[in-house]
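Chemist: Dumping the structure here so I can ask a few things about it.
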Amino acid sequence: MKKKKIILLVLFIMMILIILSLSVAFLYINNAIKSVKNMNIRLTNNEYNYSKIFDANGNELTFSEKLEDNYIPLDQINMETRQAFLSIEDKQFYKHKGLNYKRIAKAMLNNLKSKNLGEGASTITQQLVKNRFLTNEKTFDRKLKEAYLSKKLEKIETKDKILETYLNTIYFGNGAYGIGNASKTYFSKKPSELTLSESCVLAGCIKSPNNYSPINNMENAIKRKNIVLKEMLNDGKISNEEYLNALSEEIDISKCNISNTLDTLDLYSRYVLEEASKILNTNISNVLHGGYKIYTYQDLNQQNILHKTICDDKYYHKNRNGNIADSLAIIIDNSTYGVSAIAGRSKYNLVDIKRQPGSLIKPILTYAPALNEGLINSKTQILDEKIEIDGYSPNNVGNVYHGYVAVEDAVAQSLNIPTIKLTMELGLEKCKSYAKKCRIKFNDEFDNNLAIALGGFTDGITLKDLTDSYSVLTNKGNYTNSNFIKKINNSNNMTIYNRNLTETNVFSSESAYLMTDILKYSVEYGTSKKLSKLGFNVAGKTGTVAVKGTNLNTDVYSLAYTNDYTISTWLGNYTMQSDYHLEGKNNGGTYATEMIKDVLENIYKNKTPTWFDKPNGVEEIIIDIKTLNELHEVVLGDNVPERFQTKCLINSKFKPINSSTIFEKLDEIILSKVEYKNSIKLSFDAKDYNTYEIFRKSTNNYNLIKTVKDFSGTYEYIDTNIQPNTNYTYYVKAKSNYSSAETNSNKVSIVLKKEYKDIVNNNSINDFAWLFT
């Protein structure tokens, strides 16, 4: 009896727990879908509700019109193309009611077996719902909403309408949204003209456009195409003969339109859509079809200048295999920190491409932090030499080393060793902490070595993020992230987003100004020298990523800025295949810099830019060149001769406190050589800022026989007033012309052993003998 009661009690508790669990689950599900229950998902009202994008002056960009022209009704998409998508994406599309429960169960079982969540089970209806009405977030809430809306959509729309909308909104890579754009982009055809093989390529690439696009990776695209064909054969949608013919058909993309991004979706608009999707926390398809009005910072004049420049063949040097570089360029307005123009030339998708930054990272990661910490100024000297640190052996280009070099020259010539040494002195973590404030991202596992100081990033960085990091120099030490979008209105023309500029202080305004001054010097004397022909002040830096052990490059950069704009260019090998590497002469200082020069010439055709205002904390001081070159120290030089003075901008906070003392103590004077030839020759090293007095003693007293002034180098004095059998002793007294310092040389004594007349009578110099003491 007791045992029975226990069993009943356990069953009762289990029942309560089940009821509670079901109640919680019901409440959770109900709460999750509550926000979408009243969502209008009718496709008949939305498929042409394209968003519009406007430039800085309110002029509409034309991309949406191009999309509308390419909306393809289902009856204009051939049956083979439709079936290719159905066979690979959703075989039961015309049978299920939004969800494929059998496929869901199978996917869950396979995921449990493989202990990951790699296999999905989304139907075409679910994919459309996610792309059109939801975000891409991978949460259980989103999946519940997706399931609910998919069931709802199936009740209010026909299968054909769902498939038609799906095919017109799915992303195919390289800026192509929808089957119409994809057909035109990859094959220069209408969807009705696609072959079976081409249809399978498009159906196959939507799983991962970056991996399966025939432009990005033809080998992967063909493998994926063959999988689609096999599925169609297994489904009985094509014959064996059709399968074999399509299998062997060559994929021809020679007529693809991707070389001019404006033929599909221009590059600026693609960046705008990416940014809008993040701002609105939704996907790009939803942005495209949400009826939004998106107002941007695009300057049409600058966009045209940049586009014309980036497309000009004169900037592209063919490599040994006849291939040219991919390219990308961006202009940021320094008054708004809005992207006023962006352009690229490539058959690949350059949006958010990440590459190693090369030497372009040096000012942000090392030199500006060192200025901010008071470790350096522009004249600080660092020994450029071959080094090895715990097995790491960095080197300069060409393995050439220059001895002591000033910081401004190390930056201008983009020397690696001074950069590494300075990074070590600062500490790698401190350098990284500065860079992180500029939103430079590091791989926490691998980017913990000195190679990052030279741009050796594991994951790379986008050109936009790299360019944005220089905002700390154009904005008085404050980092400001650039945006494409300044305002978004919804379909009811209500403003739902207004950009607010935010700043993060990274460096002092003094450090930013001093770094800019060093980069101006780089334009005058360094790798950015091509910009010096512009006729106005500009700061610049280049970067080059070389292929180790070769004279080839994978990435080259140039960046320049005025008070008004920051411009950067990248030329590189997108594929990283060796046939596409850039030749050595295609480096940061050549074509990439020439592009910027020509862009700036056009922008400032009718005006001249002003320069940055000097902060109150920056002052110009006089330093002593002699101390700098001989002792490698920066000291005040107000008390030295004018010809030993040079000017140096410096943060008053870190102004040197010591004045030059180099003229208060004279170098040792050595009377180094005595020769005979009917006379006595003395020699010593002289400096023209000293006075030298030569003394001679032949009996009891020293007499002044010569005064030397304004002479530098080895001074030789020939004493012809000599007598035989006489002991001569000489020494030199050096006196500073600029202090009371003086010093004496060593003494040299000479005794003549033969009579002088023997020399004259016999005319033989071999009869002389001299005694040195």
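Going from the sequence shown to the working numbering is simple: count from 1 and add 788.
Ideal Cβ placement from N, Cα and C applies to all residues, glycine included.
1) Note down the Cα distance separating T1514 from K1485, rounded to an integer number of angstroms.
2) Judging by CA-CA distance, which residue of S1500, G1501, K1494 and D1498 is the nearest neighbour of D1507?
3) Let me know the secondary structure DSSP gives T1531 once reduced to three states.
4) So what does DSSP say about L799, is it helix, strand or coil?
5) In whole angstroms, what is the alpha-carbon distance linking Y1362 and N1109?
6) In whole angstroms, what separates the C-alpha of M1006 from that of G1079?
7) If you drop the 5 nearest sequence neighbours on each side, which residues of the same chain put their C-beta closer than 8 angstroms to that of T1049?
8) Let me know the alpha helix (DSSP H) ranges lying completely inside the region 994-1061, each 4 residues or longer, listed in chain order.
9) Are the region 1432-1447 and the region 1157-1174 in contact at 8 angstroms, needing three or more beta carbon pairs?
10) Based on the DSSP output, what are the partners of T1495 in its beta bridges?
11) Is it true that the CB of P1145 sits closer than 8 angstroms to the CB of G1243?
12) Taking only runs that begin and end inside the region 1362-1421, name each unbroken alpha helix (DSSP H) of 4 or more residues, in chain order.
13) Can you tell me whether DSSP reads C1226 as helix, strand or coil?
14) Once DSSP output is grouped into helix, strand and coil, what is the label at F842?
15) Can you tell which of K1209, D1178 and E1062 has its C-alpha closest to the C-alpha of Q1169?
16) Comparing C-alpha positions only, which one of L1459, I912, N1466 and V1496 sits nearest to Y1519?
17) Could you give the DSSP three-state label for I807: helix, strand or coil?
18) If we ignore side chains and look at the alpha-carbon of each, how far apart do E882 and V989 end up?
19) Going by Cα to Cα distance, which pick from I876, T1211, I1093 and A1200 is closest to E1389?
20) Going by beta carbon distance, what residues of the same chain come within less than 7 angstroms of L1017, once the five residues before and after it are set aside?
21) State the start and end residues of the unbroken alpha helix (DSSP H) segment that holds D948.
22) Is it the case that the Cβ atoms of P1429 and Y1368 are separated by a distance below 8 angstroms?
23) Measure the alpha-carbon distance for Y1155 versus I860 and round it to whole angstroms.
24) DSSP three-state label for I1306, please.
25) Can you list, in chain order, the residues of its chain whose CB lies under 7 angstroms from that of H884, leaving out five sequence neighbours each side?
26) Going by DSSP in three states, V989 sits in which element: helix, strand or coil?
27) Does the Cβ of R1431 have 16 or more other Cβ atoms within 10 Å, making it buried, or fewer, making it exposed?
28) When the Cα of I829 is compared with those of N866, L862, A844 and L922, which residue comes out closest?
29) Taking only runs of the alpha helix (DSSP H) that begin and end inside the region 1126-1210, which ones reach a length of at least 4 residues, in chain order?
30) From which residue to which residue does the beta strand (DSSP E) around S1073 run?
31) Taking 7 angstroms as the limit between beta carbons, can you name the residues of its chain near I804, skipping five residues before and five after?
32) Is it buried or exposed for V1188, if we count other Cβ within 10 angstroms and need 16 for buried?
33) From which residue to which residue does the beta strand (DSSP E) around T1330 run?
34) With 16 other CB atoms within 10 Å as the buried threshold, where does D1412 fall?
35) Please classify K1066 as buried or exposed, where buried requires at least 16 neighbouring CB atoms within 10 angstroms.
36) DSSP beta-bridge partners for T1292?
Modeler: Per the coordinate set shown:
1) 10 angstroms
2) K1494
3) strand
4) helix
5) Approximately 15 angstroms, taken between the alpha carbons.
6) Distance between the alpha carbons of M1006 and G1079: 36 angstroms.
7) Only weak support is given to the placement of T1049: the predicted model assigns it a pLDDT of 37, under 50, and the value that follows is read from those uncertain coordinates. Cβ within range, chain order: G963, L1055, R1058 and G1132.
8) The qualifying runs are 997-1000, 1006-1022 and 1028-1036.
9) yes
10) E1481
11) yes
12) If we require 4 residues or more, the alpha helix (DSSP H) runs fully inside the region 1362-1421 come out as 1379-1391 and 1413-1419.
13) coil
14) strand
15) K1209
16) L1459
17) helix
18) For the record, residue 882 in the displayed sequence is Tyr; it is not Glu. Annotation: Y882 to V989 spans about 23 angstroms, alpha carbon to alpha carbon.
19) Nearest C-alpha to E1389: I1093.
20) Only C988, Y1031, A1034 and L1035 meet the Cβ criterion.
21) It spans K947 to T957 - the alpha helix (DSSP H) in which D948 sits, taken as one unbroken run.
22) no
23) 55 angstroms
24) helix
25) Within the same chain, H884 has close Cβ partners T911.
26) helix
27) That one is exposed.
28) L922
29) 1156-1160 and 1195-1200
30) From DSSP, S1073 is part of no beta strand (DSSP E) but of the alpha helix (DSSP H) over I1072 to L1076.
31) Cβ-Cβ distances below 7 angstroms link I804 to nothing in the same chain once the five nearest sequence neighbours on each side are left out.
32) exposed
33) A1327 to A1334
34) Under this definition D1412 is a buried residue.
35) exposed
36) Y1267
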